[in-house]
Every structure is written in structure tokens, then in C-alpha cells.
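What the sequence shown shows, in numbering that gives the first Met the number 0, is residues 0 to 346, in sequence order.
Glycine residues also receive a C-beta, built at the ideal position from the N, C-alpha and C atoms.
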Amino acid sequence: MISFARLLARRIALLIGLLATVFVVVDLLPGNTARAVLGRDATPERIAAKEHELGLDRPLPQRFWDWISGVSTGDFGHTARGRSINELLAAKFPPTLLLGGLAVLLTVVVSLVLGVWWSARPSVAPNGAVAEKIQADSTVGFGVGTGGRGEVVRERARTIRHGGMGLMRPVTTIAAAIPEFVVATLLILVFALAAGWLPAVTITGRSGFPASPDMLVLPVLALAIPQIGWNTQVVRAAMVDAAQSPHVESAVLDGISTPAVLLRHVLPFALPTIVASFATTVGMVLGGSLVVETIFNYPGLGAVLAGSVADRDVSVVASVVALSGAVIMCVLAVADGIRAWSLRGSG
């Protein structure tokens with residue numbers, strides 16, 4: 000409990016440091032917030048009055064302290080244009096949460112399926128895999144060339160090893176290396192412009208969400224594809240490492256089927272590493288969604304962040320970062336709990 004409290008305190012301190020950095024960076028951007036709000040034709044008197052109204056004539060540390068004090072009470076303040084930031088976040092965060100949630104869900108499902116499947120095919124990778132371990136244990140347990148049950152187990156392992164998965168490593172590596180905006184551009188070129196199957200631009204409905212479900216497909220894929228590439232490799236590596244545990248050999252010698260060995264005896268031991276990777280994915284997806292939303296004109300926090308950076312509206316930028324950071328901290332806390340439970344269960 001004490002270690003968890005210390006970890007939480009460190010993460011909160013890290014988030015506060017990040018927010019302070021955001022204030023400094025936005026303040027250093029060229030331009031003037033008051034002029035951006037009032038327009039180029041605004042007189043110096045009006046600009047000075049607006050700066051005083053927004054508190055821009057105060058020292059930066061004081062402005063940061065006033066803002067962080069308000070956030071601690073649940074008040075994010077107002078934008079430079081006078082709108083409540085709380086209302087803005089309440090309207091724009093749910094669509095971003097929907098987009099990111101679907102991308103994370105797709106990443107988890109596909110990565111687990113592909114990673115577990117790939118881990119059962121050692122013939123495509125030089126450093127061994129789960130099925131290779133199972134075959135070796137089976138051979139030792141039942142003898143070589145003795146026929147009977149040992150031959151059945153070896154045949155089962157041979158069946159697992161053949162699967163045509165030789166392209167998995169280069170494909171997942173390329174997918175993980177391509178930035179989200181490049182994936183989004185390619186998806187638009189292929190599925191929207193060339194094939195005409197899916198819309199390239201999101202139209203916002205009255206609810207504030209995309210007007211139709213098909214408008215979510217390309218943004219979700221743009222966010223998920225790089226994460227699927229990375230997490231598939233993580234799942235596969237974690238499964239291979241977990242397969243070296245002694246209890247896996249015992250399970251094979253007991254005649255348990257290969258799928259059962261993978262799911263019941265290997266996957267639980269690989270779970271801490273996999274969960275940590277998926278928790279990191281949430282942060283990556285949230286960061287990538289801000290870019291992807293801009294490309295697809297998606298009605299989320301991406302447009303809000305882009306507009307606030309253009310206006311040098313540091314309160315909005317910091318509020319978006321704070322909300323995203325809070326979500327990531329909650330996900331990491333859940334991941335820590337799952338990892339602790341799985342480690343205790345496997346200990």
C-alpha cells in the first residue's frame with residue numbers, strides 16, 4: 000500500500016512538472032494571445048486591456064499557480080475567448096475517448112490473437128518459440144523414436160510449427176515504425192479516394208459524435224495499426240519467455256494439449272509484461288489521436304488543441320494535457336493492480 004502511494008505521488012509530481020513545462024513552452028511560442036483573439040486590427044489599447052483581463056501581464060509562475068489551484072478544485076478556468084474550459088472538455092473529450100477506446104480494444108484483441116498464434120510457430124523465428132519448447136519437453140519426457148504417446152506429442156508439435164507466419168516479423172516491424180499520420184494518409188488514399196468505400200472526413204452529428212459509424216473506421220485503424228505491430232511482438236516475446244518456466248514442461252508431460260498449455264500455463268506468466276505494454280499503448284493512442292483527429296476532421300480534443308496552440312491559449316493546452324495525463328495515470332494504476340495480482344498468482 001505504501002509503495003503504491005509513493006508510485007502515485009511520483010506520477011502526480013511528474014504530471015505537475017509536465018504541466019509546468021507546457022506553460023513555459025506555450026509562453027515561448029511566437030505571437031500574442033490577445034492579438035489572436037481580437038484580430039490584427041485591434042488597437043494597442045484593446046490588446047493591453049485584453050492581456051490584463053486574461054492575466055497575461057502577470058508573471059508566468061503566478062499564472063501557473065493560479066491555474067493549478069483552480070484545477071485542484073475542479074475548475075479549469077476559461078479559454079481566451081471566454082468559454083468555460085470545463086464545458087469544452089465535457090463536449091469534446093467523450094468523442095476522443097470513444098475513438099481511443101475503440102483503437103485500444105482493437106489493438107488488445109488483434110495483438111493477443113496474433114501474438115499467441117505467432118508464439119506457437121518457432122520455425123519462422125531463429126530464437127525459438129513456445130511450440131519449440133513444448134516439442135523439446137515432449138521428446139525428453141516420452142523418448143525419441145519409441146513411438147506411442149511420444150510420437151503423438153512430437154507430431155502435435157510439428158503441426159503447430161508449420162503455419163506460414165514468416166512475414167510476421169517484417170510486417171509487424173513496419174507497422175510499428177510508421178507514424179499515425181502516415182497510416183492515416185495511406186488509408187485515405189486507398190479506402191476513401193481510390194476505392195471509395197469509406198469517408199475521408201468526419202461529419203459531426205447533433206450529439207457531437209460522428210454522424211455514422213463508418214466514419215470511425217479509418218481513424219480507428221490509423222491509431223491501431225502501429226500499436227498492433229508493436230504489441231504483437233511484445234506478446235510473442237513475452238510468451239516465448241514465459242514458456243521457459245518449469246511448470247510448462249510439467250504441463251506438457253502431463254499430456255495437456257498445446258492450446259491449453261498456451262492459454263492456461265504460458266499466457267498467465269506472460270501477463271505482467273503484456274499488461275504493461277497495453278497500458279503504455281493507451282498513452283500512445285491518446286497522443287496519436289490528437290493528430291489523427293485533425294487529419295479526419297474528427298470532433299474531439301484534437302481540433303481543440305490545434306486551435307488553442309494557434310491562439311497560444313495555455314490554459315486550454317494544459318487542461319487537455321492534464322485530462323489526458325489523468326486518464327493515463329488511472330490506466331497505469333489498473334495495470335499495476337493486474338500485474339500485482341498476476342505475479343502473486345504465479346508466485
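Beta-bridge pairing of proline 209 - partner residues as DSSP gives them: If you number the sequence shown from 1, residue 209 lands on position 210. Beta-bridge pairing links proline 209 to Thr203.
Kindly indicate which three-state DSSP category aspartate 83 falls into: helix, strand or coil? Position 84 of the sequence shown, counted from the start, is the residue given in the question as residue 83. The identity of residue 83 in the sequence shown is serine, whereas the question assumes aspartate. Correct three-state label for serine 83: strand.
Measuring CA to CA, which of Pro245, Thr32, Gly99 is closest to glutamate 52? Counted from its first residue, the sequence shown places residue 52 at position 53. Cα-wise, what sits closest to glutamate 52 is Thr32.
Would you call valine 23 buried or exposed, if buried means 16 or more other Cβ atoms sit within 10 Å of its Cβ? As a working mapping, residue 23 is identified with position 24 in the sequence shown. Exposed, because fewer than 16 other Cβ atoms sit within 10 Å of the Cβ of valine 23.
Rounded to the nearest angstrom, what separates valine 103 and alanine 48 at their Cα positions? Stepping through the sequence shown from its first residue, residue 103 is reached at position 104. Stepping through the sequence shown from its first residue, residue 48 is reached at position 49. The straight-line gap from Cα to Cα measures roughly 46 Å.
Using only the alpha-carbon positions, how far apart do threonine 95 and valine 247 sit? Mapped onto the sequence shown, residue 95 falls at position 96. Mapped onto the sequence shown, residue 247 falls at position 248. The straight-line gap from Cα to Cα measures roughly 42 Å.
Check whether the Cβ atoms of alanine 223 and valine 115 sit closer than 9 Å, and answer yes or no. Walking along the sequence shown from the start, residue 223 turns up at place 224. Walking along the sequence shown from the start, residue 115 turns up at place 116. In this structure, valine 115 does not lie closer than 9 Å to alanine 223 by Cβ.
Hey, how far is the Cα of valine 330 from the Cα of asparagine 230? As a first step, residue 330 is located in the sequence shown; it is residue number 331 there, counting from the start. As a first step, residue 230 is located in the sequence shown; it is residue number 231 there, counting from the start. Distance between the alpha carbons of valine 330 and asparagine 230 is about 17 Å.
Return the CA-CA distance between threonine 20 and alanine 119, expressed in angstroms with no decimal places. Working through the sequence shown from its first residue, we reach residue 20 at position 21. Working through the sequence shown from its first residue, we reach residue 119 at position 120. In a straight line, the C-alpha of threonine 20 is about 46 Å away from that of alanine 119.
Take phenylalanine 277 as the anchor and find which of Val233, Thr293, His264 has the nearest alpha-carbon. Here residue 277 is taken as the residue at index 278 of the sequence shown, counted from 1. Minimum Cα distance to phenylalanine 277 is reached at Val233.
On the premise that serine 318 lies in contact with leucine 285, defined as a C-beta separation below 8 Å, what is that separation, rounded to the nearest angstrom? Counting from 1 along the sequence shown, the entry for residue 285 is found at position 286. Counting from 1 along the sequence shown, the entry for residue 318 is found at position 319. With a Cβ gap of about 14 Å, leucine 285 and serine 318 do not count as contacting.
Taking Cβ positions, are glycine 76 and serine 314 nearer each other than 9 Å? Walking along the sequence shown from the start, residue 76 turns up at place 77. Walking along the sequence shown from the start, residue 314 turns up at place 315. For glycine 76 and serine 314, yes; Cβs fall inside 9 Å.
Under 9 Å between the Cβ atoms of arginine 326 and leucine 28? Here residue 326 refers to the residue found at position 327 of the sequence shown. Here residue 28 refers to the residue found at position 29 of the sequence shown. First, the amino acid is wrong: residue 326 is valine here, not arginine. Cβ distance not < 9 Å, so valine 326 and leucine 28 don't count as in contact.
Let me make sure I understand the geometry here. Which of Val216, Met167, Asn85, Ala12 has the alpha-carbon closest to that of valine 291? Numbered from its first residue, the sequence shown carries residue 291 at position 292. Taking only the C-alpha atoms, the option nearest valine 291 is Val216.
For arginine 311 and alanine 35, believed in contact at Cβ under 8 Å, the rounded distance: The residue given as residue 35 occupies position 36 in the sequence shown. The residue given as residue 311 occupies position 312 in the sequence shown. Contact holds; Cβ gap of about 6 Å.
Does DSSP put alanine 339 in a helix, in a strand, or in coil? Working through the sequence shown from its first residue, we reach residue 339 at position 340. It is helical.
In whole angstroms, give me the CA-to-CA distance for valine 239 and aspartate 74. In the sequence shown, the residue the question calls residue 239 occupies position 240. In the sequence shown, the residue the question calls residue 74 occupies position 75. One C-alpha to the other measures close to 48 Å.
Is the beta carbon of phenylalanine 295 sitting closer than 9 Å to the one on threonine 201? The residue labelled residue 295 in the question sits at position 296 within the sequence shown. The residue labelled residue 201 in the question sits at position 202 within the sequence shown. In contact: phenylalanine 295 and threonine 201 (Cβ atoms closer than 9 Å).
Any non-hydrogen atom of the ligand FAD within 8 Å of valine 107 CB: In the structure shown, the ligand FAD is absent, as is every other ligand, since no ligand is present at all.
Give the straight-line distance between the Cα atoms of leucine 262 and arginine 80, rounded to the nearest whole angstrom. On the sequence shown, residue 262 is found 263 positions in, with the first residue counted as 1. On the sequence shown, residue 80 is found 81 positions in, with the first residue counted as 1. Spanning the two alpha carbons is a distance of roughly 55 Å.
Complete runs of the alpha helix (DSSP H) confined to the stretch 269-344 [at least 4 residues]: 300-309
Applying the 10 Å Cβ sphere with the 16-neighbour rule, what's the burial state of isoleucine 84? In the sequence shown, counting from the first residue as 1, residue 84 sits at position 85. With 16 or more other Cβ atoms within 10 Å, it is buried.
Give the single residue among Ile177, Gly301, Ser71 whose Cα lies nearest to the Cα of alanine 221. Translated into the one-based positions of the sequence shown, residue 221 becomes position 222. The shortest C-alpha separation from alanine 221 is found at Ile177.
Same chain only: Cβ atoms within 6 Å of threonine 203, ignoring 5 sequence neighbours per side: Here residue 203 refers to the residue found at position 204 of the sequence shown. Pro298, listed in sequence order.
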